[in-house]
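Down below is the structure, laid out as structure tokens.
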Amino acid sequence: MPKKPHAPIHLAEPSIKLSARGAARLQARHPWVYRSDIIGANDIPPGALVRVLDQRGKFLGTALYSSSSQIAIRMISHGSVADLPALVAERIRAAIAYRKENDLVNDTDAYRIVFSEADFLPGLIVDRYNDVLSVQILTQAMDARPVREAILQTLREQLQPSGIVERVDARIREIEQLPPRASGLLWGDKSSTEVRMNGVRFYHDGLEGQKTGAFLDQRENYAAAARYAHGEALDAFCYQGGFALHLAAKCASVVGVDSSRPALEMAEKNSTLNGRELEWIEANAFDLLRDYAAANRRYDTIVLDPPAFAKTKRDLEKALGGYKELNLRAMKMLRPGGILVTCSCSFHVGAADFLGVLAAAAQDAHKTLRVVENRGAARDHPILLNVPETSYLQCMILIASD
Ligand code: SAH
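Convert by adding 3 to the 1-based position in the sequence shown; the result is the number in our numbering.
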């Protein structure tokens, strides 16, 4: 008599109990629960899938566990998950389809394909630069080998890239207690390429530069700024020339300012690529704006896109002071009818805070300005409602009155 087949072996998934406060956070549809809201999480391996229970043992869903981060769990499903690599593959396909079906990406071959929590893949970022993909892995669960393999295989199947590059954030690997690793090619043989945004061409080196190489979240704002830009323009914190090169088509002259020499070297190459002549100045933009304002320089178009001033909530007051100072100087230098494109990428600075700062700056500059566009990140960087961390970028376009 044939033997009875063995029942499939189900290794019991570890489970985790949440305090009432932790459960309330999930009820509010935020996917993160902090370690202080976890009761009972013994011997859970780093990066494990965990069943999440409330205090009374009621099943709330499945999460990714981190043994070291203050964010102990990130929810991945309200149901059970049998196979994490398969779920990750399915979610990547869904992220690609979401952008396609809703026609979110226009006039470019450089855009974000996966935006972590906002695409239901906490800890994974994927950007596309034409035929080169750039991947960032930010959590223990996403770093597990079978998950990495699923990410690569799905991206190759769906997008047929020439190269897939990983950009490593050493600080995040330290927080997640993951072994150090270097940025580099994960697949294929190509890590640099050329991209287009709104008809403007840019070189892309997947292993250099800030973030994954470019500030793709500003892509739609470049086109918006160019709609109003005119006359003499100043792009402060220009990086590789994202705004400046878009302004060049509309302006008589454009000056870009940044403190990073490598960024300006790339900006210069990008201007040659587009057959444009711009002026690039390596300087501290705070000092330069102060000096230019004191010297009564005037511009018709000014862009301010500084790095995040408020990295934590504690920095908020200081950050608001920094934004006010920059905007005050820029407003003073605007000619009547001039355009100010002003950005904040500090998540802790909300839209109301930023508007408040701009209003205070206008008051001190004795200027009247109107907001023509109140913008955020490009649509391929979705904002997940109830997850404020996904809404971090403000971009206001203002016009100075005569
Ligand atoms: N507008 C750019 C992105 C700007 S990111 C784009 O769309 O591509 C912020 C830039 O500010 C970085 O390039 C960084 O090198 C630069 N930066 C940081 N501190 C600075 C300072 N004090 N003065 C000038 N540039 C600075």
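A virtual CB, placed ideally from N, CA and C, is assigned to each residue, including glycine.
Run through DSSP, which three-state label would Asn-330 get? In the structure shown, Asn-330 adopts helical secondary structure according to DSSP, grouped into three states.
Considering just the uninterrupted stretch of the beta strand (DSSP E) at Asn-377, what are its terminal residues? Counting along the chain, the beta strand (DSSP E) containing Asn-377 begins and ends at 372-378.
Could you name the residues that DSSP lists as bridge partners for Tyr-302? For Tyr-302, DSSP records a beta bridge to Leu-337.
The ligand SAH heavy atoms versus the CB of Asn-287: any closer than 8 Å? yes
So which of Asp-172, Arg-317, Gly-353 has the shortest CA-CA distance to Val-138? Ranking the options by Cα distance to Val-138, first place goes to Asp-172.
Sub-9 Å separation of Ser-69 and Glu-179 beta-carbons: yes
If contacts are defined as beta-carbon pairs under 8 Å, then Gly-216 and Gly-209 qualify, I think. What distance do you get, rounded to the angstrom? 6 Å
Straight-line Cα distance separating Ala-85 from Ala-10: With a pLDDT of 48 at Ala-10, under the threshold of 50, the predicted position of this residue should be treated as unreliable, though the coordinate-derived value follows. Distance between the alpha carbons of Ala-10 and Ala-85 is about 16 Å.
Which residues DSSP lists as bridging Ala-66, in chain order: Val-53, Met-78
Here's a check: name, in chain order, each residue in its chain whose Cβ is nearer than 8 Å to the Cβ of Lys-316, leaving out the five neighbours to either side. His-351
Work out the CA separation of Asp-46 and Ala-92 for me, nearest whole Å. 28 Å
Leaving out five residues before and five after Met-4 in sequence, what residues of the same chain have Cβ atoms less than 8 Å from its Cβ? Unreliable placement is indicated for Met-4, whose pLDDT of 48 sits below 50; no coordinate value is reported for it.
Presumed contact (8 Å Cβ cut-off) between Lys-20 and Gly-43, rounded CB distance: Correct: roughly 5 Å between the Cβ atoms.
With Glu-16 and Val-53 assumed to form a contact (beta carbons below 8 Å), what rounded beta-carbon distance in angstroms separates them? 7 Å
Is any heavy atom in the ligand SAH found nearer than 8 Å to the beta carbon of Tyr-114? no
Taking the DSSP output, what are the residues bridged to Ser-347? Gln-397
Looking at the unbroken beta strand (DSSP E) that takes in His-249, where does it start and where does it end? Per DSSP, His-249 belongs to no beta strand (DSSP E); it is in the alpha helix (DSSP H), 245-251.
Does the distance from the CB of Val-135 to the CB of Ile-154 come in under 9 Å? no
Tyr-37 CB to nearest heavy atom of the ligand SAH below 8 Å: no
DSSP beta-bridge partners of Gln-139: Ile-128
Which residues in the same chain have their Cβ closer than 6 Å to the Cβ of Ser-404, if we skip the five residues on either side of it in sequence? Thr-371
For Tyr-295, the nearest candidate out of Leu-331, Ala-26, Gly-324 (CA to CA): Leu-331
Residues in the same chain with beta-carbon distance under 7 Å from Ala-23, minus the five sequence neighbours each way, listed in chain order, please. Excluding its 5 nearest sequence neighbours in each direction, Ala-23 has C-beta neighbours in its own chain below 7 Å: Gln-58, listed in chain order.
Would you say the beta carbon of Gln-243 comes nearer than 8 Å to a heavy atom of the ligand SAH? yes
Which partner residues does His-207 have in the DSSP bridge list? Thr-196
Tell me whether Pro-310, by its Cβ, gets closer than 8 Å to a heavy atom of the ligand SAH. yes
For Val-167: DSSP bridge partner residues: What sits at residue 167 in the sequence shown is Ile, not Val. Leu-136, Trp-190, per the DSSP bridge assignment.
Label Pro-385 either buried or exposed according to how many other C-beta atoms from any shown protein chain fall within 10 Å of its C-beta, with 16 as the threshold for buried. buried
Bridge partners - Ser-39, DSSP secondary structure assignment: In DSSP, Ser-39 forms no bridge with anything.
Please report the distance separating the alpha-carbon of Ala-270 from that of Ser-256. 15 Å
Any C-beta of chain C sitting closer than 9 Å to the C-beta of Ser-195? The structure shown contains no chain C; it is built from a single protein chain.
For Val-36, does the count of other Cβ atoms within 10 angstroms reach 16, so buried, or fall short, so exposed? buried
Pull up the distance between the alpha-carbon of Thr-2 and that of Asn-377, whole angstroms please. A question about residue 2 goes unanswered here, because the residues of the chain that appear run from 4 up to 405.
Is it true that the segment 278-285 meets the segment 316-329, where meeting means three or more beta-carbon pairs spaced less than 8 Å apart? no
Status (buried if at least 16 other CB within 10 Å, exposed otherwise) for Pro-34: buried
Where Met-4 falls: helix, strand or coil (DSSP): Low per-residue confidence applies at Met-4: pLDDT is 48, beneath 50, and the placement is therefore not dependable, though the value from the model is reported in the following sentence. If DSSP states are grouped into helix, strand and coil, Met-4 belongs with coil.
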